[in-house]
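**Q** Per this note's numbering, the sequence shown starts with residue 1008, numbered consecutively.
C-beta: ideal position from N, C-alpha, C; glycine also.
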Amino acid sequence: MIGIDEVIGLIKREMRGKLPADITIDENSSMDDLGLSSLQVAEIVFTLEEDHGVEFDAARAADARTLGDLVALGNDALSAKSA
1008 MIGIDEVIGL IKREMRGKLP ADITIDENSS MDDLGLSSLQ VAEIVFTLEE
1058 DHGVEFDAAR AADARTLGDL VALGNDALSA KSA
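1. Do Phe1053 and Gly1081 come within 8 Å of each other at the CB atom, strictly closer than that value?
2. Taking Cβ to Cβ, would you say Lys1088 is nearer than 8 Å to Val1061?
3. In whole angstroms, what separates the C-alpha of Ser1044 from that of Ala1090?
4. On the premise that Val1078 lies in contact with Glu1050, defined as a C-beta separation below 8 Å, what is that separation, rounded to the nearest angstrom?
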């Protein structure tokens, strides 16, 4: 299962200290609000796919706006893999 903490960890690593110290990051956080570029989001998606041996639905990945969207997308891919 892909959890929000895993996604937040990847974002913090990807942003390499560029996030304000006082920012609250949770499943409702918008990738735009966090300052993530489309390339950074793609890197996070690729990392999750590799780490979990799944492939995300590309159209849904392009439409993901929040961290919760990424978590749901990843868990849907995991469910499809085990079905």
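**A** In this structure, then:
1. For this step, residue 1081 is matched to residue 74 along the sequence shown. For this step, residue 1053 is matched to residue 46 along the sequence shown. No, the Cβ-Cβ distance between Gly1081 and Phe1053 is not below 8 Å.
2. Position 81 of the sequence shown, counting from 1, holds the residue named residue 1088. Position 54 of the sequence shown, counting from 1, holds the residue named residue 1061. Yes, the Cβ-Cβ distance between Lys1088 and Val1061 is below 8 Å.
3. For this step, residue 1044 is matched to residue 37 along the sequence shown. For this step, residue 1090 is matched to residue 83 along the sequence shown. Distance between the alpha carbons of Ser1044 and Ala1090: 33 Å.
4. Position 43 of the sequence shown holds residue 1050. Position 71 of the sequence shown holds residue 1078. The Cβ separation is near 16 Å, so there is no contact.
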